[in-house]
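Step one of this worksheet: look at the structure below.
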Amino acid sequence: MSLVKIKDLFHFEKGTLQSTKATPGEYDFITAAADWKTHNEYTHDCEALIFAAAASGSLGRTHYVNGKFISSDLCFILTPKDEEKYPIDIKFYHLIFNAFKDDIVRNTKSGTSKEAIGLTVFGNYKLPYFEIEKQQNTKEAFLKAQELSQSLDKELSNQLELIKNLRQAFLKDAMQGKLVEQDPNDEPASSLLERINAEKERLIKEKKIKKEKEPPAILEEEIPFDIPEKWAWCRLGSISEFISGNNFNSGDFFKGAGVKCIKITNAGVNEIIETDDVLPQTFVSKYSQYLVYEGDLVLALTRPYISDGLKISKCPQSYDKSLLNQRVAVIRPFLKSQTDYIFTFLKSDFVLKRYKSMFEGKGQQPNLKKEHVTNLLIPIAPEAELERIVARLEELMHICDKMEASIREFKMQSESLLQQTLREALGINPSKKLIENNNPIQSKNVHSKFDSNTLLMEIQELLKIHGKLQALELWQMSKFYGKSEEERNIDGFYAELKKLIEKDKLIKETEKGYLELV
Numbered sequence: 000m001s002l003v004k005i006k007d008l009f010h011f012e013k014g015t016l017q018s019t020k021a022t023p024g025e026y027d028f029i030t031a032a033a034d035w036k037t038h039n040e041y042t043h044d045c046e047a048l049i050f051a052a053a054a055s056g057s058l059g060r061t062h063y064v065n066g067k068f069i070s071s072d073l074c075f076i077l078t079p080k081d082e083e084k085y086p087i088d089i090k091f092y093h094l095i096f097n098a099f100k101d102d103i104v105r106n107t108k109s110g111t112s113k114e115a116i117g118l119t120v121f122g123n124y125k126l127p128y129f130e131i132e133k134q135q136n137t138k139e140a141f142l143k144a145q146e147l148s149q150s151l152d153k154e155l156s157n158q159l160e161l162i163k164n165l166r167q168a169f170l171k172d173a174m175q176g177k178l179v180e181q182d183p184n185d186e187p188a189s190s191l192l193e194r195i196n197a198e199k200e201r202l203i204k205e206k207k208i209k210k211e212k213e214p215p216a217i218l219e220e221e222i223p224f225d226i227p228e229k230w231a232w233c234r235l236g237s238i239s240e241f242i243s244g245n246n247f248n249s250g251d252f253f254k255g256a257g258v259k260c261i262k263i264t265n266a267g268v269n270e271i272i273e274t275d276d277v278l279p280q281t282f283v284s285k286y287s288q289y290l291v292y293e294g295d296l297v298l299a300l301t302r303p304y305i306s307d308g309l310k311i312s313k314c315p316q317s318y319d320k321s322l323l324n325q326r327v328a329v330i331r332p333f334l335k336s337q338t339d340y341i342f343t344f345l346k347s348d349f350v351l352k353r354y355k356s357m358f359e360g361k362g363q364q365p366n367l368k369k370e371h372v373t374n375l376l377i378p379i380a381p382e383a384e385l386e387r388i389v390a391r392l393e394e395l396m397h398i399c400d401k402m403e404a405s406i407r408e409f410k411m412q413s414e415s416l417l418q419q420t421l422r423e424a425l426g427i428n429p430s431k432k433l434i435e436n437n438n439p440i441q442s443k444n445v446h447s448k449f450d451s452n453t454l455l456m457e458i459q460e461l462l463k464i465h466g467k468l469q470a471l472e473l474w475q476m477s478k479f480y481g482k483s484e485e486e487r488n489i490d491g492f493y494a495e496l497k498k499l500i501e502k503d504k505l506i507k508e509t510e511k512g513y514l515e516l517v
């Protein structure tokens, strides 16, 4: 094995087509995303690799293609360069690029808010080169191992789907009164509904909530399934408050110290997706009616579901007393003791299928209105039975969680073993990095700036001395660039740089990719 620069192994060029300008057609349009699109024209008819070089979420992804295609302008197109000196098996190097993706990206990327890989630094990166016989033999052996791994992965995915179905079976039984035994000594659900209504009236009287129009009466034909005798049907709006968010001005958001805000991008399935966008602290009193509290149920109103379920979650402690933005809603039960049960109900397939049926196949973006939520039918059990249902579901879901975690861990081990198999087949020590001392290209002016007064200094101090630098230059001169490969910390460098740019706003990135003090 020898180390050879990518530019000596491959001819490479940028793709030409922007995704927004694609016209569906008969030819493959290969982008940085996992799934390909189509276009009505092609630029290449050959065997090639397509490397994602400017899409932060997919940076380093490599596709193999053989035929007529066109590529995104966010990608590089790689074809063999010198078949006499460096004969290449394209499928083998597809394995190499994917197996060592993290090594390649870590050592070639630049930028902070928008990470990308430049043509020059990419071309100068060194990959292992093997004799063509070694490439072909390793490829065949690895592809067989990969086929077995994919079969195992498919089976594990099936098991995860079975667990998902098992969760829904438990929820269905819970909603129909089949999960726990009924106790004849329990008071009927109607008594619980009376207490909930009394609490609602108290909140209205104390002007803590507004009096709303009563939900419509429940018609016989609306009832979807039978429930036990002591249970009762009601509408969600009669047992909980519905609060929709405010349309805050985009210019009001910033990074730093302030009050957190829950936006549509924060609404996930079973969890709040945390971000660092905040609003001025003065907005707490100004917009108090939009405050969200720990334990409130947060529901996305725009695109309210994905394949995994409804985008409903509990507000965590970290978002207590945050503000609610537009297209997100809060469901706040009048009796807090009912929160867990209502949360459980909203996670059921009964609700998901209802909302999907309202929008799918109708050519419109799913957007829930207030009445879509408040008019939902929900079965209510006697209060004591509801407590037993929630406790039993918690036990069962914990078991499902453990089974899922075990399967996902096994999947990760399988993928790791596959990569280890490739490394061992190539004679690469799995405990070591792919390539030692494989640094990206360094411009001439980088070396001219390396001296005892500037090496290993703080990022800001370096920019004070030199005015502006490329990110790579700045890293190699900073305290994050150690004397040995083991001491080098590019991830720590980018984390600090991102903080200085986005949070502290002490450094800015110019259009040409230079970094300078603000």
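Counting in numbering that gives the first Met the number 0, the sequence shown runs from 0 upward without gaps.
Using N, Cα and C, we set each Cβ at its ideal position, and we do this for glycine too.
Quick one: what's got a C-beta closer than 6 Å to residue 406's C-beta in the same chain, skipping five residues either side?
The residue you call residue 406 lines up with position 407 of the sequence shown. For residue 406, where only same-chain residues beyond five positions count, the Cβ hits under 6 Å are 155, 158 and 159.
So, for residue 517: in the same chain, excluding its five sequence neighbours on each side, which residues have a beta-carbon less than 8 Å away from its beta-carbon?
Translated into the one-based positions of the sequence shown, residue 517 becomes position 518. Shown here for residue 517: same chain residues with a beta carbon closer than 8 Å to its own, the five before and five after excluded, namely 504, 505, 506 and 507 in chain order.
Who are the Cβ neighbours of residue 190 in its own chain at under 7 Å, not counting the five residues just before and after it?
Residue mapping note: residue 190 aligns to position 191 of the sequence shown, counting from 1. If we look at residue 190 and ignore the five residues flanking it on each side, it has no Cβ neighbours.
Checking the sheet assignment: what are the DSSP bridge partners for residue 240?
Counting from 1 along the sequence shown, the entry for residue 240 is found at position 241. Residue 240 pairs with 331.
Give, in chain order, every unbroken run of the beta strand (DSSP E) that is at least 3 residues long and sits entirely within the region 190-228.
none
Got a sec, what are the start and stop residues for the beta strand (DSSP E) residue 66 sits in?
Taking the first residue of the sequence shown as 1, we reach residue 66 at position 67. First-last of the beta strand (DSSP E) with residue 66: 61-70.
Just to confirm, are residue 124 and residue 85 a CB contact at a threshold of 8 Å?
Looking up residue 124 in the sequence shown gives position 125. Looking up residue 85 in the sequence shown gives position 86. Going by C-beta atoms, residue 124 is not nearer than 8 Å to residue 85.
Around the Cβ of residue 264, are there at least 16 other Cβ atoms within 10 angstroms (buried) or fewer (exposed)?
Sequence index remark: in the sequence shown, residue 264 carries index 265 (1-based). Residue 264 is exposed by the Cβ-count criterion.
Where are the alpha helix (DSSP H) runs, 4 residues long or more, that stay fully inside the region 250-303, in chain order?
Listed in chain order, they are 282-285.
Would a C-beta distance cut-off of 8 Å place residue 70 and residue 16 closer than the cut-off?
Taking the first residue of the sequence shown as position 1, residue 70 is located at position 71. Taking the first residue of the sequence shown as position 1, residue 16 is located at position 17. Cβ distance < 8 Å, so residue 70 and residue 16 count as in contact.
Quick check on the burial criterion: 16 or more other C-beta atoms within 10 angstroms. Buried or exposed for residue 30?
The sequence position of residue 30 within the sequence shown is 31, counting from 1. Buried, since its Cβ has 16 or more Cβ neighbours within 10 Å.
Which of helix, strand or coil does DSSP assign to residue 314?
If you number the sequence shown from 1, residue 314 lands on position 315. Note: residue 314 maps to coil in three-state DSSP.
According to DSSP, what are the bridge partners of residue 44?
For the purposes of this step, residue 44 is taken as the residue at position 45 of the sequence shown. The partner list for residue 44 (beta bridge, DSSP) reads 67.
Counting C-beta neighbours from all protein chains within 10 Å, is the total for residue 459 16 or more, i.e. buried, or is it exposed?
Along the sequence shown, read from residue 1 onward, the residue named residue 459 stands at position 460. Classification for residue 459: exposed.
In terms of alpha-carbon separation, which member of 80, 40 and 33 lies closest to residue 3?
Residue 3 sits at position 4 when you count from the first residue of the sequence shown. Here the closest residue by C-alpha is 80.
Quick one: Cα of residue 90 to Cα of residue 501, how far?
As a working mapping, residue 90 is identified with position 91 in the sequence shown. As a working mapping, residue 501 is identified with position 502 in the sequence shown. In a straight line, the C-alpha of residue 90 is about 41 Å away from that of residue 501.
Go through its chain and collect everything with a Cβ distance to residue 383's Cβ below 7 Å, but skip five positions before and after it.
As a position in the sequence shown, residue 383 is number 384, starting the count at 1. Cβ neighbours of residue 383 within its own chain (closer than 7 Å, five residues either side excluded): 182 and 185.
Rounded to whole angstroms, what is the Cα-Cα separation between residue 379 and residue 224?
Position 380 of the sequence shown holds residue 379. Position 225 of the sequence shown holds residue 224. Our two residues, residue 379 and residue 224, have alpha carbons roughly 13 Å apart in a direct line.
Which value, in whole angstroms, describes the spacing of the CA atoms of residue 64 and residue 318?
Taking the sequence shown and counting its residues from 1, one reaches residue 64 at position 65. Taking the sequence shown and counting its residues from 1, one reaches residue 318 at position 319. Their Cα atoms are separated by approximately 46 Å.
Closer than 6 Å by C-beta to residue 9: which residues in its own chain qualify, once you throw out the five before and the five after it? Chain order, please.
As a working mapping, residue 9 is identified with position 10 in the sequence shown. Excluding residues within five positions, the ones whose Cβ falls inside 6 Å are 77 and 80.
Look at the Cβ atom of residue 297, then the Cβ atom of residue 266, and state whether they are nearer than 8 Å.
Taking the first residue of the sequence shown as position 1, residue 297 is located at position 298. Taking the first residue of the sequence shown as position 1, residue 266 is located at position 267. Taking 8 Å as the Cβ cut-off, residue 297 and residue 266 qualify as a contacting pair.
Exposed or buried, what is residue 435 when buried is set at 16 or more other beta-carbons lying within 10 Å of its beta-carbon?
The residue labelled residue 435 in the question sits at position 436 within the sequence shown. Confidence is the limiting factor: at residue 435 the pLDDT is only 47, short of 50, which leaves the residue's position unreliable, though a coordinate-based value still follows. Burial call: exposed.
Please name the residue in 161, 315 and 254 whose C-alpha comes closest to that of residue 271.
As a working mapping, residue 271 is identified with position 272 in the sequence shown. Of the listed residues, the one whose Cα sits closest to residue 271 is 315.
Between the alpha carbons of residue 116 and residue 104, how many angstroms are there, rounded?
Counted from its first residue, the sequence shown places residue 116 at position 117. Counted from its first residue, the sequence shown places residue 104 at position 105. Each residue's alpha carbon lies about 8 Å from the other.
Would you mind giving the Cβ-Cβ distance between residue 260 and residue 377, rounded to the nearest angstrom? I have them listed as a contact below 8 Å.
Residue numbering aside, residue 260 sits at position 261 when the sequence shown is read from its first letter. Residue numbering aside, residue 377 sits at position 378 when the sequence shown is read from its first letter. Residue 260 to residue 377, Cβ: 29 Å. No contact.
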